[in-house]
Structure formats: C-alpha cells, structure tokens
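Below you'll find the structure, written out as structure tokens, and then a few comments.
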Amino acid sequence: LFLADGGGDFAKSVGLDNDISANGMGLRSKRFSMIVDDSTVKAINVEAKPGVDESGAAKILEQL
C-alpha cells in the first residue's frame, strides 16, 4: 500500500521531514519505507543517501 502525504504532516510528526530550502526545494520527506501491521510499525527503512538500497522493494521483501 502506498499513501500520499501531500502536506508532509506525517513525515514531520515522525521526524522524516527534510528541509532542503537552501537548494530551492523547500520541505520534503526523506525517502523511506515501513512495514506496519495492525497499526504497529514493525520496520522502518530510511535512505541515508540517494537511491533505494534501504527503502526499496528488495529490502521490504527481506523483512516480510
């Protein structure tokens, strides 16, 4: 399931917001993926650099 966070409220509330205003991009969400089961976060994967090594489908499949 993919969910939109247009205003960034969720990202801000869990500390996954990224202020790149200095580059003219404003506030964005860090790239991340989560496994949530019955309203409990079982895993969270946050990218430290560009790419999808930590947040991509392969990582999620390993964790399921």
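For the sequence shown, the residue numbers in our numbering are 3 to 66.
Glycine residues also receive a C-beta, built at the ideal position from the N, C-alpha and C atoms.
Tell me which residue opens and which closes the beta strand (DSSP E) that ALA59 is part of.
First-last for ALA59: 59-65, but that is the alpha helix (DSSP H), not the beta strand (DSSP E).
Rounded to the nearest angstrom, how far is the Cβ of PHE34 from that of ILE46, given a contact under 8 Å?
Rounded to the nearest angstrom, the Cβ distance from PHE34 to ILE46 is 6 Å, consistent with a contact under 8 Å.
Looking at the strands, I want to know which residues DSSP matches up with ARG30.
ASN20
Please report the residue range of the alpha helix (DSSP H) in which LYS51 lies.
Taken as a continuous stretch (DSSP letters only), LYS51 belongs to no alpha helix (DSSP H), as it is neither H nor E.
GLU51: which of GLY28, ASN20 and ILE37 sits nearest, CA to CA?
Reading off the sequence, residue 51 comes out as Lys, not Glu. That would be ASN20, whose Cα lies nearest to the Cα of LYS51.
ASP39 versus ALA24 - alpha carbon distance:
Taking the straight line joining both Cα atoms gives about 37 Å.
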